[in-house]
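This report refers to the structure that appears directly beneath it.
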Amino acid sequence: MANVEDSLTLTSLVQELDKHRASLTAELKKNLSASLDTSLMPIQTLLETISAVLDSHSQKITTIEGTLTAHSDELAELTTRVGQLEKANAALTSKTEDLENRCRRQNLRIVSLPEGLEGGSPVEFISRLLQTVIENDVFPEPPELDRAHRTLAPKPAAG
């Protein structure tokens with residue numbers, strides 16, 4: 006009987022120890038959970054703040070990328086336009102210089118010559134005409150002419 010009482014006592018002791026262990030485990034989990042919640046609260050708040058700042062920066066970066074793309078496209082367009090304007094400026098500068106140079110030349114206007122008198126070469130005809138009309142000591146050789154042409158008026162009627 007001593008053996009049965011020992012066995013009952015041992016069984017009841019194991020049961021009591023299991024209850025006590027379950028109680029201690031539950032209390033330890035409760036205390037540990039409360040302690041972790043208290044300790045992790047500042048970290049949680051900090052992570053939420055960092056997440057909000059990251060979202061804000063992400064939106065700003067997206068806006069900046071869009072603006073940068075628009076500016077890049079506009080810059081490419083302006084670069085093309087500047088190239089076109091530089092070409093136009095060069096052409097106009099060349100044209101202006103040519104016109105200024107032509108204005109400085111010694112131009113002669115000869116009027117009342119009959120149409121078709123110059124034949125096939127107006128430059129040679131006017132050169133010989135000037136040498137003939139003006140004395141030979143002024144023009145010992147026929148003068149060198151750049152060009153000779155008639156005005157753009159229609160040919161007069163015969164008679």
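Adding 5 to a residue's 1-based position in the sequence shown gives its number in my numbering. Heads up, the beta-carbon is just placed ideally off N, CA and C, and yes, glycines get one too. It should be emphasised that the depicted structure is a prediction, and the values quoted were computed from it without experimental measurement.
Coarse secondary structure for residue i, derived from DSSP in three states
i    : result
N36  : helix
T43  : helix
L157 : coil
S117 : coil
S126 : coil
I66  : helix
R111 : The displayed chain sequence assigns Gln, not Arg, to residue 111. Coil.
E91  : helix
L150 : coil
V58  : helix
Where residue i falls, given that 16 or more other Cβ within 10 Å makes a residue buried
i    : result
I131 : buried
Length of the line joining the Cα atoms of residue i and residue j
i    : j    : result
T50  : S44  : 11 Å
K160 : E120 : 7 Å
E79  : N94  : 22 Å
L37  : S28  : 14 Å
P47  : T68  : 32 Å
Q117 : K92  : Inspection of the sequence shows that residue 117 is occupied by Ser rather than by Gln. The straight-line gap from Cα to Cα measures roughly 43 Å.
R110 : D142 : 22 Å
D140 : A158 : Correcting the residue identity first, residue 140 is Glu in this sequence and not Asp. One C-alpha to the other measures close to 31 Å.
E70  : R86  : 24 Å
L15  : E21  : 10 Å
L97  : R107 : 15 Å
A75  : I55  : 30 Å
Residue i CB to nearest heavy atom of the ligand GTP below 7 Å
i   : result
R86 : Absence of the ligand GTP is noted for the structure shown, with no ligands found whatsoever.
Residues near residue i in its chain [Cβ-Cβ closer than 7 Å; skip 5 each side]
i    : result
P127 : A153, H154
P147 : S132, R133, Q136
V124 : Going by the sequence as given, residue 124 is Gly instead of Val. So the qualifying residues of the chain are F130.
Beta-carbon proximity list for residue i, same chain, < 6 Å, skipping 5 on both sides
i    : result
R114 : none
Can at least three beta-carbon pairs, one atom from the region 94–105 and one from the region 128–142, be found at a separation below 8 Å? The region 94–105 makes no contact with the region 128–142, as fewer than three CB pairs between them are under 8 Å.
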